[in-house]
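Asks:
Chains as they are written, first to last, in UniProt numbering: chain A, 1 to 153; chain B, 1 to 285.
(1) Within a Cβ cutoff of 6 Å, which residues of the same chain sit near residue 62 of chain A, ignoring the five residues on either side of it in sequence?
(2) So what does residue 140 of chain B bridge to, in DSSP terms?
(3) Exposed or buried, what is residue 122 of chain B when buried is set at 16 or more other beta-carbons lying within 10 Å of its beta-carbon?
(4) Note down, one range per segment and in chain order, each beta strand (DSSP E) of at least 3 residues found wholly within the region 222-255 of chain B.
(5) Do we get a CB-CB distance below 7 Å when we pair residue 177 of chain B with the residues of chain A?
(6) Look at the Cβ atom of residue 172 of chain B, then the Cβ atom of residue 179 of chain B, and state whether they are nearer than 7 Å.
(7) Along chain B, in chain order, which residues have C-beta atoms closer than 8 Å to that of residue 133 of chain A?
(8) I need the straight-line Cα distance from residue 286 of chain B to residue 54 of chain B, nearest angstrom please.
(9) On a CA-only basis, which of B:278, B:98, B:103 and B:77 is nearest residue 246 of chain B? Give me that one, please.
(10) For residue 21 of chain A and chain B, any beta-carbon pair shorter than 7 Å?
(11) In this structure, does DSSP put residue 26 of chain B in helix, strand or coil?
(12) By how many angstroms is the C-alpha of residue 38 of chain B removed from the C-alpha of residue 46 of chain B?
(13) So, is residue 20 of chain A buried or exposed, given that buried needs 16 or more other C-beta atoms within 10 angstroms?
(14) Name the two residues that bound the continuous alpha helix (DSSP H) containing residue 173 of chain A.
(15) Going straight from the alpha carbon of residue 29 of chain A to that of residue 40 of chain B, what length do you get?
(16) Secondary structure at residue 94 of chain A, three-state DSSP: helix, strand or coil?
(17) Residues of the region 110-128 of chain A with a CB closer than 7 Å to any CB of chain B: list them in chain order, please.
(18) Residue 86 of chain A: which of A:38, A:136, A:151 and A:146 sits nearest, CA to CA?
(19) Would DSSP call residue 28 of chain A helix, strand or coil?
(20) Contact criterion: CB-CB distance below 7 Å. Does residue 236 of chain B meet it with respect to chain A?
(21) Is residue 21 of chain A helix, strand or coil when you go by DSSP?
(22) Just to make sure I have the definition right: I need the residues of chain B whose C-beta is within less than 9 Å of the C-beta of residue 137 of chain A. Which are they?
(23) Using a C-beta to C-beta distance shorter than 8 Å, which residues of chain A count as neighbours of residue 65 of chain B?
(24) Which chain B residues are close to residue 143 of chain A, counting only those with a beta carbon under 7 Å from its beta carbon?
(25) In chain B, which residues lie with their C-beta within 7 Å of the C-beta of residue 140 of chain A?
(26) Exposed or buried, residue 79 of chain B, counting other C-beta atoms within 10 Å across all chains shown (16 or more means buried)?
(27) Please state the DSSP three-state secondary structure of residue 107 of chain A.
(28) Just the Cα atoms here: how many angstroms apart are residue 35 of chain B and residue 49 of chain B?
(29) At a cut of 8 Å, does the region 126-141 of chain B reach the region 100-112 of chain B through at least three beta carbon pairs?
(30) List the whole-angstrom C-beta distance separating residue 83 of chain B from residue 101 of chain B, where the pair is believed to meet the contact cut-off of C-beta under 8 Å.
(31) Out of B:103, B:29 and B:154, which has the shortest C-alpha to C-alpha gap to residue 43 of chain B?
(32) Spell out whether any CB of chain B is found under 7 Å from the CB atom of residue 146 of chain A.
(33) Find the nearest neighbour of residue 154 of chain A within the set A:101, A:97, A:109 and A:147, judged by alpha-carbon distance.
(34) If I follow the unbroken alpha helix (DSSP H) through residue 149 of chain B, where does it start and stop?
(35) Are the CB atoms of residue 138 of chain B and residue 52 of chain B nearer to each other than 7 Å?
(36) Could you name the residues of chain A that residue 61 of chain B contacts, counting a contact when the two beta carbons are closer than 8 Å?
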């Protein structure tokens with residue numbers, strides 16, 4: 001009697017545990033299927049391209065910052081930056097341009113210039129409708145590049 | 001009559017200045033990102049309300065100079081604190097600050113005043129870009145205007161110097177997609193109630209105290225958080241307890257911020273459980 005009760009309760013708890021694990025596994029799968037890459041939350045390539053164009057207009061209006069681009073091919077730069085933002089946000093791209101330290105070496109970039117471009121990028125993302133959480137995520141992924149950009153100044 | 005006229009004129013001037021600041025263009029501001037200059041702490045340095053932080057005041061960057069001015073009032077059950085202060089930031093490397101604190105003993109009667117001269121140097125890092133955040137060291141020299149009451153309570157000195165080491169770091173996208181600001185400060189001090197009750201006493205002198213805060217940027221303009229400041233307990237006749245606050249700071253732009261807080265300052269000079277409100281207005285150039 002007592003043994004069968006124990007067995008019953010054991011099998012019941014096994015069932016409960018099994019059901020719990022199953023539920024967890026299912027929710028785990030469900031979570032994996034949600035569109036959670038930053039690339040998707042930003043709005044995909046159309047938004048990234050629009051952000052890059054918006055950023056370039058803001059840079060063009062800043063006489064000090066735009067002088068760094070005097071010898072650059074702007075179209076090439078725009079394409080390269082769009083690929084980099086796509087790559088950084090876990091999109092389907094592979095940035096294979098020059099590393100950040102070599103790309104900015106001996107340009108004489110100051111903290112003030114760096115900060116200004118960060119502000120332009122954030123303002124561009126605001127204007128192109130990127131949600132706050134995605135903007136924070138993107139800025140957080142780009143922030144460590146400061147060290148690389150400034151290394152060879 | 002004359003007083004009313006002059007205070008009215010002063011109010012109009014203040015309102016006009018504030019209006020001009022709110023409308024000021026960003027080209028007049030430093031280049032650091034909005035909010036990275038924190039607000040003015042009650043001892044004059046850039047920080048939260050209660051504690052200095054590692055960031056330097058204003059938004060001045062490596063080739064810029066910034067100046068801030070702040071007016072602060074705190075009301076707790078039996079006391080009122082008024083602080084006016086100013087600071088200058090040289091190239092985001094050095095910060096110099098000055099503050100005058102007036103502590104009105106609403107229940108006991110009378111008031112205590114002290115001047116605080118501060119200097120802070122950024123040792124290394126950046127609150128946004130460096131993996132370890134920004135680290136700074138600072139000093140605050142405090143001088144009581146009239147040390148009679150603190151001396152009568154048993155304080156050893158009427159002047160004192162705090163030194164501190166502070167670290168601040170912004171964690172991007174850390175809480176519900178919002179950025180989170182962390183700060184920790186270690187302070188060596190002998191100040192009783194921040195210095196208003198003198199320095200040292202029968203129960204102790206200089207000691208290391210820990211201070212910290214956590215804030216969430218709900219939007220890029222608005223940070224909400226809490227702050228904690230450990231305190232010494234040097235006077236046997238006047239129990240001293242740790243301070244804490246819950247704060248909300250709004251940055252209208254790089255020039256104007258308004259901070260409100262709820263304070264719990266514990267026992268002060270024999271009167272228990274001092275709680276109340278805090279408002280601070282800062283202007284930065």
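Glycine included, every Cβ here is placed at the ideal spot set by N, Cα and C. All figures in this text were calculated on a predicted structure; none of them were measured in a lab.
Replies: If we stick to the structure as given:
(1) Answer for residue 62 of chain A: no residue qualifies.
(2) Residue 140 of chain B is bridged to B:118 and B:162.
(3) Per the 10 Å Cβ criterion, buried.
(4) Here the runs fully enclosed are 222-229 and 243-251.
(5) So, interface residue.
(6) Going by beta carbons, residue 172 of chain B and residue 179 of chain B fall inside the 7 Å limit.
(7) Those are 173, 176, 177 and 178, listed as they occur along chain B.
(8) The structure shown does not extend to residue 286 of chain B, since chain B is modelled only from 1 through 285, so no value can be given for it.
(9) Ranking the options by Cα distance to residue 246 of chain B, first place goes to B:278.
(10) Note that residue 21 of chain A scores a pLDDT of 47, beneath 50, so its modelled location is shaky and nothing firm can be said.
(11) Since pLDDT at residue 26 of chain B reaches only 49, below the 50 mark, its modelled position is unreliable, and the value read off the structure follows with that caveat. The DSSP-derived three-state label of residue 26 of chain B is helix.
(12) Residue 46 of chain B and residue 38 of chain B have their C-alpha atoms roughly 6 Å apart.
(13) Annotation note: pLDDT 47 at residue 20 of chain A (below 50); position unreliable, coordinate value reported separately. It counts as exposed.
(14) Any property of residue 173 of chain A remains undetermined from this structure, which presents chain A solely from 1 to 153.
(15) Reliability fails at residue 29 of chain A, whose pLDDT of 45 lies under 50, so the model's placement of it is uncertain and the value that follows must be treated cautiously. Put simply, the backbone Cα of residue 29 of chain A is about 48 Å away from that of residue 40 of chain B.
(16) Three-state DSSP puts residue 94 of chain A in coil, outside helix and strand.
(17) Those residues of the region 110-128 of chain A that come within reach of chain B (Cβ to Cβ, closer than 7 Å) are 110, 111, 112, 115, 116, 118 and 119.
(18) If we check each option's Cα against that of residue 86 of chain A, A:38 comes out closest.
(19) Reliability of the predicted coordinates at residue 28 of chain A is poor, the pLDDT of 44 falling under 50, and the value obtained from them is presented with this limitation in mind. Of the three classes helix, strand and coil, the one that applies to residue 28 of chain A here is helix, per DSSP.
(20) Taking a beta-carbon distance threshold of 7 Å, residue 236 of chain B does not count as an interface residue toward chain A.
(21) With a pLDDT of only 47 at residue 21 of chain A, under the threshold of 50, the placement of this residue in the model should not be trusted; the figure read from the coordinates follows. Residue state for residue 21 of chain A is assigned as helix, using DSSP reduced to three classes.
(22) The contacting residues are 172, 173 and 177.
(23) Those do not exist, as residue 65 of chain B stays about 12 Å from chain A at its closest Cβ, beyond 8 Å.
(24) Within chain B, the residues near residue 143 of chain A are 128, 129 and 172.
(25) Those within 7 Å of residue 140 of chain A in chain B are 172 and 173.
(26) Looking at its Cβ environment, which holds 16 or more other Cβ atoms inside 10 Å, residue 79 of chain B is buried.
(27) The answer is coil: DSSP assigns residue 107 of chain A none of H, G, I, E or B.
(28) Taking the Cα positions, residue 35 of chain B is about 14 Å away from residue 49 of chain B.
(29) Not touching, per the Cβ criterion.
(30) That belief holds up - the Cβ atoms of residue 83 of chain B and residue 101 of chain B are roughly 5 Å apart, short of 8 Å.
(31) Of B:103, B:29 and B:154, the residue nearest in Cα terms is B:103.
(32) Cβ-Cβ to chain B under 7 Å: yes for residue 146 of chain A.
(33) The structure shown has nothing for residue 154 of chain A, since chain A only spans 1 to 153.
(34) Where residue 149 of chain B is concerned, the enclosing alpha helix (DSSP H) stretches over 148-153.
(35) In this structure, residue 138 of chain B places its C-beta atom within 7 Å of the C-beta atom of residue 52 of chain B.
(36) From the beta-carbon of residue 61 of chain B, the residues of chain A found nearer than 8 Å are 110, 111, 112 and 115.
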